[in-house]
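Numbering (my numbering), first residue to last: 2 to 414. Even for Gly, the Cβ is constructed at its ideal location relative to N, Cα and C. To start, the structure under review is shown below, and the notes come after it.
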Ligand SMILES: Nc1ncnc2c1ncn2[C@@H]1O[C@H](COP(=O)(O)OP(=O)(O)O)[C@@H](O)[C@H]1O
Ligand SMILES: [Mg+2]
C-alpha cells in the first residue's frame, strides 16, 4: 500500500518538474531565437543602409562605381546586391547572394535549403528629390545562426536530462523521507490494535467462564437472573470473536509471508459446505458445491478456511428463506477461481467498493446480535492478499451477489 503511494508521489513530483522545465526551456529558446533574429536583421539593415547611401545617382538611375564594400564592409558571410527601379540586378558582391527575386512587400527574405541565407532589401532614395531610384539587398549566410541554435538546443536538452536524472534520485529520497513518519504511525496504530485486542482476551475469558459457572447452577436462581447471565454470555462471545478478528487483521499485515503448506482447497470447500448445511436448512436455503477437479494451492490452511467460511457465512446470512447459495471452484491456467454465489438481497452499486472496508456494514443499525461486526470481508480480503490473490464482487440489488476469489494454484506433491 505504501509502495503505491510512494510511487504516485514520485510520479506527481516528476510530472510537475517536467512541466516546469519544459516551459522554461521553451521560453528560453523562443527569447533567444527572437533576439538573435532581430540582431541579424539589424545588422543587415545597417549594411544595406551603408550601401544605399553610397551609390551615385545619375539622371534618376543608380550607378555602382567601385567595389567600395568588397573588402571593408563585406566579410565572408555577407553579400550585397544593387537593383534598379525595375528590379534588374546592376551589381553584386559577396558569396551569399539570395537566389530569390526582389520581395514585393516584406523586406526580410529567407532562402531555405541546405544552407540558409537571409536578405534584407532597402530602397535607394535620390537625395535631390526624395524618389526611390533602386534597391539594395544585403544578405548573410545563416550557417552561424543555425549553429548557435543547435548548440543552444543541445545545451538545453542535456540540461533537462541531467536535471531529470538528478531530481529523480532526489525524488526517491524525498518521498521515502516523507512517507517514513506516516508508515511508522500506521505501524504503531496496528501494533496498538493488536496489543489491545490481545489484552482484552483474558478479562473476556474471565467474564465468560464466570457466566458459565453461574449458569451451571441455575436451579436456585430467579429466572430473570438466568436470562441476564445468558445475555452476558452471548455478549461476551460476541466480543471475543470481535477481538479475535481485530487481532487477526492487525497481525495479518505484519506476517508478510503466511505459512506455505500445500492446501487442499477441494477438501476445505467440501467440508465447509457440509458444515453449514444445518444452518442452510433452518433458512431453507439450497447450499451446494460445484468443484471441478482437485484444487491445490500454497498457503495457510487455517486462513484459507477462514476466508471461505466468511464468504459462505455472508451468503447464507444475506439470503432470505428459500434462496440458494452455490460454491463453484475450478482451475484455469495457473489460477484457481472460486465463486461464492447467492440469490440474496444484493449490494447497492455505490456500496460495492466499501464492503471490504473494516467495520463497514450496509445496514449500520443492525445490532451485533446477528453475529457480524463488519470485519468478515476485511479479513477475507486481507487473507486473499496475503496469498497473492484477488477478491472481487459483482452484485445486483434483490437478485444476488457473487464473490470471486482468484488464487495462484499449486500442483499436489
Ligand atoms: N453475500 C452478500 N450479500 C449481500 N450483502 C453482503 C454480502 N456479503 C456482505 N454483504 C454486505 O457487506 C457487509 C460487510 O460484510 P462483512 O464484512 O462480512 O460484515 P458482517 O457480515 O459482519 O456484517 C455486510 O454487512 C453486508 O451489508
Ligand atoms: Mg460477515
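Chain-order list of residues whose beta-carbon lies under 8 Å from that of residue i (same chain, five-residue window excluded)
{"i": "residue 308", "result": "380, 381, 384, 385, 406"}
{"i": "residue 77", "result": "96"}
{"i": "residue 399", "result": "346, 347"}
{"i": "residue 273", "result": "306, 309, 310, 313, 328"}
Through-space distance from residue j to residue i, alpha-carbon basis
{"i": "residue 64", "j": "residue 29", "result": "45 Å"}
{"i": "residue 294", "j": "residue 328", "result": "14 Å"}
{"i": "residue 411", "j": "residue 270", "result": "16 Å"}
{"i": "residue 339", "j": "residue 346", "result": "21 Å"}
{"i": "residue 332", "j": "residue 296", "result": "7 Å"}
{"i": "residue 37", "j": "residue 167", "result": "31 Å"}
{"i": "residue 186", "j": "residue 376", "result": "22 Å"}
{"i": "residue 373", "j": "residue 404", "result": "18 Å"}
{"i": "residue 105", "j": "residue 11", "result": "56 Å"}
{"i": "residue 1", "j": "residue 387", "result": "In this structure the chain extends from 2 to 414, so residue 1 is not present and cannot be described."}
{"i": "residue 1", "j": "residue 86", "result": "Because the chain in this structure spans residues 2 to 414, residue 1 falls outside the shown range and cannot be described."}
{"i": "residue 13", "j": "residue 260", "result": "37 Å"}
{"i": "residue 263", "j": "residue 298", "result": "6 Å"}
{"i": "residue 148", "j": "residue 135", "result": "34 Å"}
{"i": "residue 275", "j": "residue 390", "result": "25 Å"}
{"i": "residue 49", "j": "residue 123", "result": "6 Å"}
{"i": "residue 304", "j": "residue 9", "result": "32 Å"}
{"i": "residue 108", "j": "residue 116", "result": "20 Å"}
{"i": "residue 88", "j": "residue 21", "result": "50 Å"}
{"i": "residue 121", "j": "residue 144", "result": "16 Å"}
Bounding residues of the alpha helix (DSSP H) (the contiguous stretch that carries residue i)
{"i": "residue 44", "result": "3-54"}
{"i": "residue 197", "result": "144-217"}
{"i": "residue 351", "result": "Taken as a continuous stretch (DSSP letters only), residue 351 belongs to no alpha helix (DSSP H), as it is neither H nor E."}
{"i": "residue 379", "result": "377-387"}
{"i": "residue 309", "result": "302-318"}
CA nearest to the CA of residue i, picked from the options
{"i": "residue 23", "options": "154, 351, 275, 404", "result": "154"}
{"i": "residue 163", "options": "19, 317, 7", "result": "19"}
{"i": "residue 126", "options": "58, 156, 181", "result": "58"}
{"i": "residue 158", "options": "214, 209, 26", "result": "26"}
{"i": "residue 52", "options": "302, 93, 234", "result": "93"}
{"i": "residue 80", "options": "89, 221, 100", "result": "100"}
{"i": "residue 251", "options": "224, 193, 401", "result": "193"}
{"i": "residue 130", "options": "179, 268, 267, 62", "result": "62"}
{"i": "residue 33", "options": "152, 364, 223, 233", "result": "152"}
{"i": "residue 291", "options": "267, 301, 300", "result": "267"}
{"i": "residue 165", "options": "16, 315, 4", "result": "16"}
{"i": "residue 353", "options": "60, 343, 396, 246", "result": "396"}
{"i": "residue 46", "options": "286, 110, 315", "result": "110"}
{"i": "residue 409", "options": "288, 330, 226", "result": "330"}
{"i": "residue 98", "options": "139, 128, 114", "result": "139"}
{"i": "residue 321", "options": "285, 394, 183", "result": "285"}
{"i": "residue 210", "options": "197, 234, 392", "result": "234"}
{"i": "residue 288", "options": "56, 300, 325, 315", "result": "325"}
Residues near residue i in its chain [Cβ-Cβ closer than 6 Å; skip 5 each side]
{"i": "residue 240", "result": "205"}
{"i": "residue 230", "result": "212, 215, 216"}
{"i": "residue 83", "result": "65, 91, 92, 137"}
{"i": "residue 319", "result": "345, 346"}
Boundaries (first-last residue) of the beta strand (DSSP E) holding residue i
{"i": "residue 283", "result": "It is not in any beta strand (DSSP E) - residue 283 instead sits in the alpha helix (DSSP H) that spans 278-283."}
{"i": "residue 118", "result": "118-126"}
{"i": "residue 130", "result": "From DSSP, residue 130 is part of no beta strand (DSSP E); its letter is neither H nor E."}
{"i": "residue 80", "result": "79-85"}
{"i": "residue 262", "result": "262-265"}
{"i": "residue 113", "result": "Careful: residue 113 lies outside any beta strand (DSSP E) and carries neither H nor E."}
beta-carbon residue i near ligand 4 non-hydrogen atom, thresh 8 Å
{"i": "residue 307", "result": "As presented, the structure is devoid of ligand 4, carrying ligand 1 and ligand 2 as its sole ligands."}
Close beta carbons around residue i, own chain, < 7 Å, minus the five adjacent residues each side
{"i": "residue 280", "result": "317"}
{"i": "residue 369", "result": "Confidence in residue 369 is poor, its pLDDT being 49 and thus under 50, which makes the residue's placement unreliable; the coordinate value appears in the next sentence. Once the five neighbours on either side are set aside, the close Cβ partners of residue 369 are 239."}
{"i": "residue 201", "result": "244"}
{"i": "residue 41", "result": "119, 141, 146"}
{"i": "residue 265", "result": "297"}
{"i": "residue 358", "result": "379"}
Residue i, DSSP secondary structure in three states
{"i": "residue 95", "result": "strand"}
{"i": "residue 245", "result": "helix"}
{"i": "residue 369", "result": "At residue 369 the pLDDT is 49, less than 50, meaning the model places this residue with poor confidence; the figure from the coordinates comes in the next sentence. Looking at residue 369 - three-state DSSP - the assignment turns out to be helix."}
{"i": "residue 57", "result": "strand"}
{"i": "residue 410", "result": "coil"}
{"i": "residue 327", "result": "strand"}
{"i": "residue 238", "result": "helix"}
{"i": "residue 340", "result": "strand"}
{"i": "residue 251", "result": "helix"}
{"i": "residue 392", "result": "strand"}
{"i": "residue 101", "result": "coil"}
{"i": "residue 374", "result": "coil"}
{"i": "residue 270", "result": "helix"}
{"i": "residue 293", "result": "coil"}
{"i": "residue 225", "result": "helix"}
Residue-chain proximity (residue i, chain C), Cβ-Cβ < 9 Å
{"i": "residue 354", "result": "Annotation note: the requested chain C is absent from the structure, which comprises a single protein chain."}
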